[in-house]
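Below is one structure; the comments refer to it alone.
There are 2 protein chains.
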Amino acid sequence: MVFFWMKDPEDEKTIQDFMKGTEDFFKQVEEIKTYHIGTPAGTPREVVDSSYQVSLVVTFDSKEDQDVYQDHQAHLDYIEDYKHLWKRVQVYDSWS
Amino acid sequence: MVFFWMKDPEDEKTIQDFMKGTEDFFKQVEEIKTYHIGTPAGTPREVVDSSYQVSLVVTFDSKEDQDVYQDHQAHLDYIEDYKHLWKRVQVYDSWS
Chain A
45 MVFFWMKDPE DEKTIQDFMK GTEDFFKQVE EIKTYHIGTP AGTPREVVDS SYQVSLVVTF
105 DSKEDQDVYQ DHQAHLDYIE DYKHLWKRVQ VYDSWS
Chain B
45 MVFFWMKDPE DEKTIQDFMK GTEDFFKQVE EIKTYHIGTP AGTPREVVDS SYQVSLVVTF
105 DSKEDQDVYQ DHQAHLDYIE DYKHLWKRVQ VYDSWS
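Just so you know, the protein sequences line up as chains A and B, in that order.
For the first sequence, this note's numbering begins at 45 and goes up steadily by one.
For the second sequence, this note's numbering begins at 45 and goes up steadily by one.
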């Protein structure tokens, strides 16, 4: 799970381009099992953090597949292409 | 997506019981499409927050289904049964 806070949270065009670029990147990594690219659902409950602009949920069949994704050239290019847009990135890696 | 920080993060037995109780609760809510109950994957990268003890990813087909889940008696009972264990709960609701 990844959450992005953009430097310009009002720039909808750039956010849309970034989400499109995220999907293009995901499609290059065959080790990804499922992905979800989202935005805050606007649920105004006290425990809900809606301050981010873009969220990702990416799932893998194994830790090894996640390792491939992590070091994939498409991932490194993606970070290089878009990191200038991000004020803050928060990642939570979970397994079961 | 929900992240729990437990009052006693060292109490593995209680954490296991809580995760079991979470799954029992999920099985009572037919509006849930998929769920994942996880713990930190132990990936030591700078942007990764591994300080929580339990994570949930719960997906729904529609906002309406999520509303039913939110107000479901099994959800209310679950919160009442386990909230004394939680130091902090962080929720991110996303849609696409």
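Each residue gets a CB set at the ideal place from its N, CA and C atoms; glycine is no exception.
Straight-line Cα distance separating Val101(B) from Asp137(A):
Looking up residue 137(A) in the first sequence gives position 93. Looking up residue 101(B) in the second sequence gives position 57. Their backbone Cα atoms lie some 12 Å apart in a straight line.
Could you pull the start and end residues of the beta strand (DSSP E) that Val133(A) belongs to?
In the first sequence, the residue the question calls residue 133(A) occupies position 89. Its beta strand (DSSP E) spans residues Trp130 to Val135.
Residue environment, Ser99(A), which counts as buried when at least 16 other CB atoms sit within 10 Å:
To locate residue 99(A), count along the first sequence from 1; it is residue 55. Its Cβ being crowded by 16 or more others within 10 Å, Ser99(A) is buried.
Cα-Cα separation between Phe104(A) and Ser140(B), rounded to whole angstroms:
Indexing the first sequence from 1 puts residue 104(A) at position 60. Indexing the second sequence from 1 puts residue 140(B) at position 96. The alpha-carbon atoms of Phe104(A) and Ser140(B) are separated by roughly 20 Å.
Endpoints, alpha helix (DSSP H) assigned at His119(B):
Position 75 of the second sequence, counted from the first residue, corresponds to residue 119(B). Where His119(B) is concerned, the enclosing alpha helix (DSSP H) stretches over Gln117 to Tyr126.
So for Met63(B), helix, strand or coil by DSSP?
Locating residue 63(B) in the second sequence gives position 19, counting from the first residue. Helix.
When DSSP builds the beta bridges, which residues end up paired with Met50(A)?
For the purposes of this step, residue 50(A) is taken as residue 6 along the first sequence, with counting starting at 1. The partner list for Met50(A) (beta bridge, DSSP) reads Trp130(A).
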